[in-house]
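Chains A and B, in that order, give the protein sequences.
Position 162 of the first sequence, counting from 1, maps to 162 under the UniProt record's numbering, and the rest follow consecutively.
Position 305 of the second sequence, counting from 1, maps to 305 under the UniProt record's numbering, and the rest follow consecutively.
Where a beta carbon is used, it is the ideal one built from N, C-alpha and C, also for glycine.
Treat the numbers as computed from the prediction; the structure is a model and nothing was measured.
Data block below; observations after.
There are 2 protein chains.
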Amino acid sequence: MNSLASPTLEALGEDGVLARILTRLPAPDPARVPVGPGDDAAVSRIEGRLVTTADMLVEGEDFLPAWCDPVRLGVKAAAQNLADVHAMGAAPHGLVISLGAPGTTPVDVLTGIMDGFAAEARRAGASVLGGDLSGGPCLIVSVTALGTLTGPAVLRSGARPGDAVVLAGTLGRAAAGLDLLLAGCAPEGAPADLAALIEVQRAPRPDYAAAAAIAGSAHALIDASDGLAGDLGRVARASGVAAALDRDALTALAAPLVPAARALGDPDPAARALHWVLTGGEDHGFIATVDPGRIPVGWTRIGTCRAGDSGVSLDGEPVADTAFRHFTGDR
Amino acid sequence: MNSLASPTLEALGEDGVLARILTRLPAPDPARVPVGPGDDAAVSRIEGRLVTTADMLVEGEDFLPAWCDPVRLGVKAAAQNLADVHAMGAAPHGLVISLGAPGTTPVDVLTGIMDGFAAEARRAGASVLGGDLSGGPCLIVSVTALGTLTGPAVLRSGARPGDAVVLAGTLGRAAAGLDLLLAGCAPEGAPADLAALIEVQRAPRPDYAAAAAIAGSAHALIDASDGLAGDLGRVARASGVAAALDRDALTALAAPLVPAARALGDPDPAARALHWVLTGGEDHGFIATVDPGRIPVGWTRIGTCRAGDSGVSLDGEPVADTAFRHFTGDR
Numbered sequence: 001m002n003s004l005a006s007p008t009l010e011a012l013g014e015d016g017v018l019a020r021i022l023t024r025l026p027a028p029d030p031a032r033v034p035v036g037p038g039d040d041a042a043v044s045r046i047e048g049r050l051v052t053t054a055d056m057l058v059e060g061e062d063f064l065p066a067w068c069d070p071v072r073l074g075v076k077a078a079a080q081n082l083a084d085v086h087a088m089g090a091a092p093h094g095l096v097i098s099l100g101a102p103g104t105t106p107v108d109v110l111t112g113i114m115d116g117f118a119a120e121a122r123r124a125g126a127s128v129l130g131g132d133l134s135g136g137p138c139l140i141v142s143v144t145a146l147g148t149l150t151g152p153a154v155l156r157s158g159a160r161p162g163d164a165v166v167l168a169g170t171l172g173r174a175a176a177g178l179d180l181l182l183a184g185c186a187p188e189g190a191p192a193d194l195a196a197l198i199e200v201q202r203a204p205r206p207d208y209a210a211a212a213a214i215a216g217s218a219h220a221l222i223d224a225s226d227g228l229a230g231d232l233g234r235v236a237r238a239s240g241v242a243a244a245l246d247r248d249a250l251t252a253l254a255a256p257l258v259p260a261a262r263a264l265g266d267p268d269p270a271a272r273a274l275h276w277v278l279t280g281g282e283d284h285g286f287i288a289t290v291d292p293g294r295i296p297v298g299w300t301r302i303g304t305c306r307a308g309d310s311g312v313s314l315d316g317e318p319v320a321d322t323a324f325r326h327f328t329g330d331r
Numbered sequence: 001m002n003s004l005a006s007p008t009l010e011a012l013g014e015d016g017v018l019a020r021i022l023t024r025l026p027a028p029d030p031a032r033v034p035v036g037p038g039d040d041a042a043v044s045r046i047e048g049r050l051v052t053t054a055d056m057l058v059e060g061e062d063f064l065p066a067w068c069d070p071v072r073l074g075v076k077a078a079a080q081n082l083a084d085v086h087a088m089g090a091a092p093h094g095l096v097i098s099l100g101a102p103g104t105t106p107v108d109v110l111t112g113i114m115d116g117f118a119a120e121a122r123r124a125g126a127s128v129l130g131g132d133l134s135g136g137p138c139l140i141v142s143v144t145a146l147g148t149l150t151g152p153a154v155l156r157s158g159a160r161p162g163d164a165v166v167l168a169g170t171l172g173r174a175a176a177g178l179d180l181l182l183a184g185c186a187p188e189g190a191p192a193d194l195a196a197l198i199e200v201q202r203a204p205r206p207d208y209a210a211a212a213a214i215a216g217s218a219h220a221l222i223d224a225s226d227g228l229a230g231d232l233g234r235v236a237r238a239s240g241v242a243a244a245l246d247r248d249a250l251t252a253l254a255a256p257l258v259p260a261a262r263a264l265g266d267p268d269p270a271a272r273a274l275h276w277v278l279t280g281g282e283d284h285g286f287i288a289t290v291d292p293g294r295i296p297v298g299w300t301r302i303g304t305c306r307a308g309d310s311g312v313s314l315d316g317e318p319v320a321d322t323a324f325r326h327f328t329g330d331r
């Protein structure tokens with residue numbers, strides 16, 4: 001994440017850095033945001049109830065700069081928060097971003113992050129409402145996303161026996177991309193099918209329109225940031241239902257991942273690909289449960305909810321949740 | 001910031017840490033927050049327009065753990081954000097907090113931060129709406145504060161010639177407290193008058209009620225997080241007025257700081273105390289401009305706005321803004 005031609009943060013000073021960052025933001029729509037960034041706080045108009053969520057990305061912990069250029073990092077920081085807003089059945093309203101970085105950081109790193117962040121906000125229809133800038137020992141991107149809800153919230157706890165389990169977006173691609181990066185696969189030189197997986201890890205692009213299309217009919221909705229087993233498991237536990245996955249549907253989702261497993265020399269590429277689909281997070285695919293007769297365009301059925309023991313199963317066997325958790329040292 | 005009896009974050013794992021943190025939060029009022037922390041996002045009801053601001057505290061940059069126990073750090077993180085909400089003339093609504101910390105951190109550090117954070121939120125009447133937890137090389141406390149505005153926003157740009165410049169709260173105490181800490185003055189063993197200054201640095205307690213009392217009549221309002229010269233200078237520039245400070249008022253504000261300047265061996269304690277009042281931030285006192293006949297209870301007049309050159313002056317001389325800025329290496 002180097003940009004040798006660009007002055008550093010310490011060369012520009014806080015006010016100089018802020019001035020450069022603010023120029024990367026589109027002017028907010030004054031009807032929606034009567035006071036934009038620059039005063040003590042921004043003022044915006046919302047209709048309905050307010051939806052609030054936050055996610056922080058820390059260098060070395062949630063990303064490695066060598067794998068993630070600034071623009072993609074900004075996309076990812078916006079996308080993972082906007083996905084949570086949509087996972088409540090809400091419409092995106094605004095984003096707030098706090099950046100921390102060492103003084104030796106080239107300012108292009110921060111303006112690149114803002115470019116990606118603003119572009120993804122625009123794709124989702126969200127305004128950038130401001131933020132903060134601090135020093136720090138590493139790059140920190142801390143985001144709060146705000147949404148609005150005029151109908152009922154779609155919670156994790158609403159799944160019912162008989163519901164279809166449906167997916168919009170992909171599963172396992174970001175996890176396969178991460179394993180390729182960990183194995184030393186360079187994003188730029190990789191074959192197109194592998195590069196596509198790495199791209200999902202670096203800059204996920206959730207299908208916001210699909211989430212919006214199901215908000216009125218879904219009984220439960222979640223974004224699979226921690227993987228299918230983990231996040232569908234949360235829905236099943238919160239709803240008191242069992243979720244039985246469909247092997248054919250998962251095999252179809254795993255098929256594009258088999259070349260990556262092969263490239264990694266895995267002796268059982270199909271099994272590795274299925275493992276990514278079941279446990280890999282960070283694609284930010286959306287998982288919903290819905291009446292089987294009301295599956296919207298853009299959604300794929302991947303299983304069925306049944307009365308039962310609140311677990312996730314495949315061919316009658318429980319599926320373990322082995323998603324990444326902070327502090328435990330596992331990935 | 002050590003707590004040897006407490007298990008570390010890596011011993012508990014992310015889910016165990018989250019479970020401990022969530023128990024420190026008061027259950028939100030279901031009429032105001034129908035969906036609290038725990039789903040993909042929180043849902044809350046607001047009346048009026050939405051006010052949004054953010055501030056991030058990074059260990060080693062914005063605080064040193066040796067000076068700031070976890071509870072006070074939580075108070076400070078909430079207070080500096082809630083002050084910005086009030087500085088728009090808004091009522092506080094909710095807070096979102098993202099925490100980053102190394103896995104070796106005792107969990108009591110994070111639960112202590114949450115205790116202070118929740119207590120200050122309660123004092124201001126704000127709900128804690130959720131947040132995020134990540135690893136990191138140091139302690140990171142990143143906060144977004146939300147408020148609601150039913151009347152007009154009180155901007156920095158509304159000051160008028162003839163307005164009284166008024167203050168609620170204190171100026172320079174946090175800066176004096178910081179200089180005492182930098183000189184090695186231990187918070188616990190210090191004489192009461194010095195300890196009181198250190199306390200303002202460690203855990204500022206802005207006068208939210210005073211800010212609310214002036215919201216309907218103030219022409220301009222700001223929280224003096226970067227000091228009187230810097231923040232009143234922003235008001236003067238945004239409003240196109242000159243702000244003339246009153247020496248007697250500043251001398252009265254400086255008087256409680258003179259013992260600290262003496263304790264530091266300053267050859268001119270009165271001048272040092274006045275310097276803290278003019279340039280020290282982080283007390284989060286509120287500065288407003290208002291019709292001289294409409295100064296509310298709890299506010300002290302410290303100057304006058306005049307038509308003129310957009311600067312801050314004392315006895316006709318310009319006052320320089322030497323507030324701390326990130327990345328420049330100065331304090």
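Would you mind reading off the limits of the alpha helix (DSSP H) that contains residue i?
i: A:H275; result: P269 to T279
i: A:G233; result: L228 to S239
i: A:T251; result: R247 to A254
i: A:I198; result: A192 to R202
i: B:V319; result: That residue, B:V319, is in no alpha helix (DSSP H); it is neither H nor E in DSSP.
i: B:V290; result: That residue, B:V290, is in no alpha helix (DSSP H); its beta strand (DSSP E) goes F286 to V290.
i: residue 411 of chain A; result: Residue 411 of chain A lies beyond the residue range present for chain A, which begins at 1 and ends at 331; the question has no answer from this structure.
So which of the options has the shortest CA-CA distance to residue i?
i: A:A261; options: A:L253, A:A271 and A:A252; result: A:A271
i: B:P7; options: B:P106, B:M88, B:L278 and B:L95; result: B:P106
i: A:G116; options: A:F286, A:A79, A:P152 and A:A242; result: A:A79
i: B:T150; options: B:V235, B:G311, B:G89 and B:I287; result: B:G89
i: B:V154; options: B:V58, B:A175, B:V85 and B:R306; result: B:V85
i: B:R49; options: A:H93, A:P267, A:R234 and A:R156; result: A:H93
i: B:E282; options: B:A126, B:F324, B:R294 and B:R237; result: B:F324
i: A:P137; options: B:V51, B:E61 and B:A145; result: B:E61
i: B:W67; options: B:V241, B:A249, B:A174 and B:L250; result: B:A174
i: A:D95; options: A:S142, A:A244, A:T289 and A:L250; result: What sits at residue 95 of chain A in the sequence shown is Leu, not Asp. It is A:S142 whose Cα lies nearest to the Cα of A:L95.
i: A:D40; options: B:T23, B:A19 and B:A83; result: B:A83
i: A:A236; options: A:I140, A:T251, A:I302 and A:R306; result: A:R306
Would you please verify whether the beta carbon of residue i is less than 7 Å from any beta carbon of chain A?
i: B:A249; result: no
i: B:P137; result: yes
i: B:S239; result: no
Hey, does residue i have any beta-carbon neighbour from chain B nearer than 7 Å?
i: A:H284; result: no
i: A:M114; result: no
i: A:V51; result: yes
i: A:E14; result: yes
i: A:G131; result: yes
i: A:D40; result: yes
i: A:R156; result: yes
i: A:I21; result: no
i: A:F327; result: yes
i: A:E10; result: yes
How many Å lie between residue i and residue j at the Cα?
i: residue 388 of chain B; j: B:P161; result: The structure shown does not extend to residue 388 of chain B, since chain B is modelled only from 1 to 331, so the question has no answer here.
i: A:D330; j: A:T279; result: Caution is warranted here: a pLDDT of 46 is assigned to A:D330, below 50, making its placement in the model unreliable, and no coordinate value can be reported.
i: B:D266; j: B:G189; result: 21 Å
i: A:S44; j: B:G316; result: 40 Å
i: A:S157; j: A:D231; result: 12 Å
i: B:E76; j: B:A87; result: It is Lys, not Glu, that sits at residue 76 of chain B in the sequence shown. Roughly 16 Å between the two C-alpha positions.
i: B:T53; j: B:H275; result: 29 Å
i: B:S225; j: B:V51; result: 18 Å
i: A:M56; j: B:V165; result: 39 Å
i: A:M114; j: A:P26; result: 10 Å
i: B:R247; j: A:V17; result: 35 Å
i: B:P28; j: B:D268; result: 51 Å
i: A:A192; j: A:G74; result: 23 Å
Could one say the Cβ of residue i lies closer than 7 Å to chain C's Cβ atoms, at least one of them?
i: B:V35; result: In the structure shown, chain C cannot be found, because the protein chains are A and B.
Return the first residue and the last residue of the beta strand (DSSP E) that residue i is part of.
i: A:T300; result: T300 to A307
i: A:V312; result: V312 to L314
i: A:L167; result: A164 to A168
i: A:A220; result: A220 to D223
Looking at the ligand COA, does it come within less than 6 Å of residue i, judged from the CB to the closest heavy atom?
i: B:G227; result: The ligand COA is not part of this structure, which contains no ligands at all.
Within the UniProt domain "PurM-like N-terminal" (38-148) of chain B, ranges of the alpha helix (DSSP H) (whole runs, at least 4 residues): The UniProt domain "PurM-like N-terminal" (38-148) of chain B contains these whole alpha helix (DSSP H) runs: 70-86 and 107-124.
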